[in-house]
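Asker: Residue numbers (our numbering), protein chains in the order written: chain A, 1 to 336; chain B, 1001 to 1248.
Spelled out as structure tokens, the structure:
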């Protein structure tokens, strides 16, 4: 099986030749940049270096899919946020969003008609086309979008939106609506450009930030609407311990649920049933970045024993992560 | 607030039934004090002001701070520790407490006495100050003066704030591995400046091995440990002895 067939086998609930391994979130590292000859900050805003860095996941690591982009600012910037460069002192990092945010809770957010031609989105779409030409049909291309609640959080800032979940939850709806439209529009454009799968990251929807009831009563319906509108397989990634909401994550229409190791894969299986495909592996900060090959392998084996079907870094890979630790994940996948 | 010695409850907070239920306990037998505490527990920063004003007609501001506002916030801390409350509730309760404290301080004509000063910050490049928000709320509720430097704070600014305010300890939060690299620099510069204070570092990307690899560093596993650590620092414990106690 080639990489794409391997992943599709899992999605179709057939037995792959071995377990697939790839990231639901960014997998770019400084060492891969050296090997790909493409660096940050260009990789965040220019198509060709972006494509080369994404492809390193396959060409350098041997992952079964490549995933782009590498930050969470594409939709937010197209909606009016200002990107804060990732550079700290001399080191290039991951861009964020500048303060203050563009909106206050009583404002009405706008979804611009020219959304797809704003900010860095055109370069992202070109990068996907570039990868499609280079890798053809052998390797899956995963296009990343940001979940409605997280985009709403970028538009309003995190503390105001968290307060609003209790004080004025109805006022969040217009922001969730714009967030959903933005992610869905980007997903469709990514698919048109050649993406085979969509990965939706929704970090602010985590129970570590919002009440599980807020997820159920508000965010879930927007995720469901979004996934209904996306024609290719979908990954839903929510950071942190998602045990309190995993049952509802399983009802959004996502084909794959991407879990951090602090969430229980066994609970996810119990709550979401045999159809849900579970993706995960080891903690990206405390294990992949900090520890050695043996610890990474042990963590991956534990995740597989817990019911993980696609081996993956638990969240976005820290850019300083050693290549050997990422290769160790592929070694474990090859043994299953 | 009592710091948990046993973390089994935290790990059980999301149990299989998901619906963790529990109610706030009564914190005062005095009905006016209990009413104020309830506004803190409910996180009602709009409704709390009239009841605090009314209580100030017959009660001392310091009693209201200690027996109603801080007592209510301690109850919120307990509900958070037990997984009944979530982050937005802690933020709103902290706001309500602060509205009440400001009113009492206005009546006293001076700021309430605080145990000691703690400087808090989120690392340069990290715009997510959520963990720090909780640390601030819990330190405040436990009677410490918080010098809140906010998010995305450069190394030099942290060091300058410590030189200016002379806190008993300083905290740093980082969610990203790309930003936590500022912490050893802060530890080094504080040490060079003769400020041998514990530097508590925590957050999503931060692990014990990393924090204990540089001078002054003490790893903060949970935000709920912050008040206990601040008590230790206030009583003069060194960063080495705090590291022995809280880490390893």
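Note that CB positions come from ideal geometry on N, CA and C, so glycine has one too.
What you are looking at is a predicted structure, and each value in this text was computed from that prediction instead of being measured.
Just curious, the alpha helix (DSSP H) that residue 236(A) is in, first and last residue?
Answerer: Working through the first chain from its first residue, we reach residue 236(A) at position 236. No alpha helix (DSSP H) holds residue 236(A); the beta strand (DSSP E) holding it covers 234 to 237.
Asker: Does any residue of chain B have a CB that is nearer than 7 Å to the CB of residue 246(A)?
Answerer: On the first chain, position 246 is the one that residue 246(A) refers to. No, residue 246(A) does not count as interfacial toward chain B.
Asker: As a quick exercise: from 159(A), 287(A), 124(A), pick the residue whose alpha carbon is nearest that of residue 1095(B).
Answerer: As a working mapping, residue 1095(B) is identified with position 95 in the second chain. Closest by alpha carbon: 159(A).
Asker: Is the number of C-beta pairs between the stretch 1068 to 1082 of chain B and the stretch 180 to 193 of chain A that are closer than 8 Å three or more?
Answerer: no
Asker: Which of helix, strand or coil does DSSP assign to residue 1246(B)?
Answerer: Position 246 of the second chain, counting from 1, holds the residue named residue 1246(B). Helix, per DSSP.
Asker: Going by DSSP, which residues form a beta bridge with residue 1219(B)?
Answerer: Indexing the second chain from 1 puts residue 1219(B) at position 219. Residue 1219(B) is bridged to 1201(B).
Asker: With 7 Å as the C-beta to C-beta threshold (strictly closer), list the residues of the stretch 311 to 322 of chain A near chain B in chain order.
Answerer: Identification of residues in the stretch 311 to 322 of chain A having a C-beta nearer than 7 Å to some C-beta of chain B yields 318, 319, 320, given in sequence order.
Asker: Please tell me whether residue 289(A) has its Cβ less than 7 Å away from any Cβ of chain B.
Answerer: Translated into positions along the first chain, residue 289(A) becomes position 289. At least one CB atom of chain B sits nearer than 7 Å to the CB of residue 289(A).
Asker: Is any beta-carbon of chain B found at less than 7 Å from that of residue 88(A)?
Answerer: Looking up residue 88(A) in the first chain gives position 88. Cβ-Cβ to chain B under 7 Å: yes for residue 88(A).
Asker: To the nearest angstrom, how far is it from the Cα of residue 163(A) to the Cα of residue 152(A)?
Answerer: In the first chain, residue 163(A) corresponds to position 163, counting from 1. In the first chain, residue 152(A) corresponds to position 152, counting from 1. If I take the Cα positions, the gap works out to 13 Å.
Asker: Taking residue 221(A) as part of the alpha helix (DSSP H), name the residues at either end of that continuous run.
Answerer: As a working mapping, residue 221(A) is identified with position 221 in the first chain. From DSSP, the alpha helix (DSSP H) with residue 221(A) extends over 220 to 228.
Asker: Could you name the residues of the same chain whose beta carbon sits closer than 6 Å to that of residue 308(A), not counting the 5 residues immediately before and after it, in chain order?
Answerer: Position 308 of the first chain, counted from the first residue, corresponds to residue 308(A). So the list reads 265, 278, 280, once near-sequence residues are dropped.
Asker: Kindly give me the distance between the Cβ atoms of residue 96(A) and residue 1200(B), rounded to whole angstroms, as I take these residues to be in contact under 8 Å.
Answerer: Stepping through the first chain from its first residue, residue 96(A) is reached at position 96. Stepping through the second chain from its first residue, residue 1200(B) is reached at position 200. Rounded, the Cβ-Cβ distance is 24 Å, inconsistent with contact.
Asker: Taking C-beta to C-beta, are residue 185(A) and residue 115(A) nearer than 7 Å?
Answerer: Locating residue 185(A) in the first chain gives position 185, where the first residue counts as 1. Locating residue 115(A) in the first chain gives position 115, where the first residue counts as 1. Yes, the Cβ-Cβ distance between residue 185(A) and residue 115(A) is below 7 Å.
Asker: Taking 7 Å as the cut-off, decide whether the C-beta atoms of residue 1133(B) and residue 1091(B) are in contact.
Answerer: On the second chain, residue 1133(B) is found 133 positions in, with the first residue counted as 1. On the second chain, residue 1091(B) is found 91 positions in, with the first residue counted as 1. Result yes, Cβ atoms of residue 1133(B) and residue 1091(B) sit closer than 7 Å.
Asker: Quick one: which residues of the stretch 1120 to 1137 of chain B get their C-beta closer than 7 Å to a C-beta of chain A? List them in chain order.
Answerer: 1124, 1125, 1127, 1128, 1130, 1133
Asker: Could you tell me which uninterrupted alpha helix (DSSP H) segments, each at least 4 residues in length, are contained entirely in the stretch 1028 to 1098 of chain B, listed from first to last along the chain?
Answerer: 1031 to 1041, 1048 to 1056, 1061 to 1064, 1071 to 1081
Asker: Please determine if the stretch 280 to 300 of chain A and the stretch 1207 to 1221 of chain B are in contact, where contact requires at least 3 C-beta pairs separated by less than 8 Å.
Answerer: yes
Asker: Tell me the DSSP secondary structure of residue 173(A) in three-state form.
Answerer: Residue numbering aside, residue 173(A) sits at position 173 when the first chain is read from its first letter. Residue state, collapsed to three classes: helix.
Asker: Does any CB atom of chain B fall closer than 7 Å to the CB of residue 175(A)?
Answerer: Within the first chain, residue 175(A) is the residue found at index 175, counting from 1. Chain B, which has no Cβ nearer than 7 Å to the Cβ of residue 175(A), makes this no.
Asker: I want to know whether the stretch 79 to 88 of chain A touches the stretch 35 to 49 of chain A - three or more CB-CB distances under 8 Å.
Answerer: yes
Asker: If you pair each beta-carbon of the stretch 1215 to 1230 of chain B with each one of the stretch 1166 to 1174 of chain B, do three or more pairs fall below 8 Å?
Answerer: yes
Asker: Would you please verify whether the beta carbon of residue 1070(B) is less than 7 Å from any beta carbon of chain A?
Answerer: What you label residue 1070(B) is simply residue 70 of the second chain in a count that begins at 1. False, the Cβ-Cβ gap to chain A never drops below 7 Å.
Asker: Got a sec? Which residues, its chain only, sit under 6 Å from residue 1001(B) by beta carbon, not counting five neighbours each side?
Answerer: Taking the second chain and counting its residues from 1, the one referred to as residue 1001(B) is at position 1. Because residue 1001(B) sits at a pLDDT of 45, beneath the cut-off of 50, its placement in the model cannot be relied upon, and the point is left open.
Asker: Assuming residue 329(A) is part of the beta strand (DSSP E), what are its boundary residues?
Answerer: Working through the first chain from its first residue, we reach residue 329(A) at position 329. Segment 323 to 334 is the alpha helix (DSSP H) holding residue 329(A); no beta strand (DSSP E) there.
Asker: So does residue 1235(B) have its beta carbon nearer than 6 Å to some heavy atom of the ligand FMN?
Answerer: For the structure depicted, the ligand FMN is absent and the ligand set is empty, with no information on it obtainable.
Asker: Identify the contact partners of residue 1089(B) in chain A, using a Cβ-Cβ distance below 9 Å as the criterion.
Answerer: As a working note, residue 1089(B) is residue 89 in the second chain. Those within 9 Å of residue 1089(B) in chain A are 166, 211.
Asker: Whole angstroms are fine: how far does the CA of residue 137(A) sit from the CA of residue 1018(B)?
Answerer: In the second chain, counting from the first residue as 1, residue 1018(B) sits at position 18. In the first chain, counting from the first residue as 1, residue 137(A) sits at position 137. Any reading at residue 1018(B) must be qualified, since the residue scores a pLDDT of 39, below 50, and its modelled position is unreliable; the value itself is stated next. In a straight line, the C-alpha of residue 1018(B) is about 42 Å away from that of residue 137(A).
Asker: Within the chosen definition, does the stretch 294 to 305 of chain A reach the stretch 58 to 72 of chain A through at least 3 CB pairs nearer than 8 Å?
Answerer: no
Asker: With DSSP as the reference, label residue 1140(B) as helix, strand or coil.
Answerer: Residue numbering aside, residue 1140(B) sits at position 140 when the second chain is read from its first letter. Here DSSP, grouped into helix, strand and coil, assigns residue 1140(B) to helix.
Asker: Could you give the distance in angstroms between the alpha-carbon of residue 1033(B) and the alpha-carbon of residue 1183(B)?
Answerer: Against the second chain, residue 1033(B) aligns to sequence position 33. Against the second chain, residue 1183(B) aligns to sequence position 183. Roughly 42 Å between the two C-alpha positions.
Asker: Kindly list, in the order they appear in chain B, the residues whose Cβ is closer than 7 Å to that of residue 158(A).
Answerer: Your numbering for residue 158(A) matches position 158 in the first chain. Within 7 Å Cβ-Cβ: 1128, 1130.
Asker: Please report the residue range of the beta strand (DSSP E) in which residue 300(A) lies.
Answerer: Translated into positions along the first chain, residue 300(A) becomes position 300. Premise fails: residue 300(A) lies in the alpha helix (DSSP H), 293 to 306, not in any beta strand (DSSP E).
Asker: Could you round the C-beta distance between residue 55(A) and residue 134(A) to whole angstroms and report it? I think they count as a contact, below 8 Å.
Answerer: Translated into positions along the first chain, residue 55(A) becomes position 55. Translated into positions along the first chain, residue 134(A) becomes position 134. The Cβ separation is near 6 Å, so the contact holds.
Asker: Is the Cβ-Cβ distance between residue 197(A) and residue 232(A) less than 7 Å?
Answerer: Counting from one through the first chain, the residue named residue 197(A) turns up at place 197. Counting from one through the first chain, the residue named residue 232(A) turns up at place 232. Judged by their CB atoms, residue 197(A) and residue 232(A) are nearer to each other than the 7 Å cut-off.
Asker: Give every residue of the same chain whose Cβ lies closer than 7 Å to the Cβ of residue 225(A), excluding the five residues on either side of it in the sequence, and list them in chain order.
Answerer: As a working mapping, residue 225(A) is identified with position 225 in the first chain. Within its own chain, the residues whose Cβ lies closer than 7 Å to the Cβ of residue 225(A), once the five positions on either side in sequence are excluded, are 180, listed in chain order.
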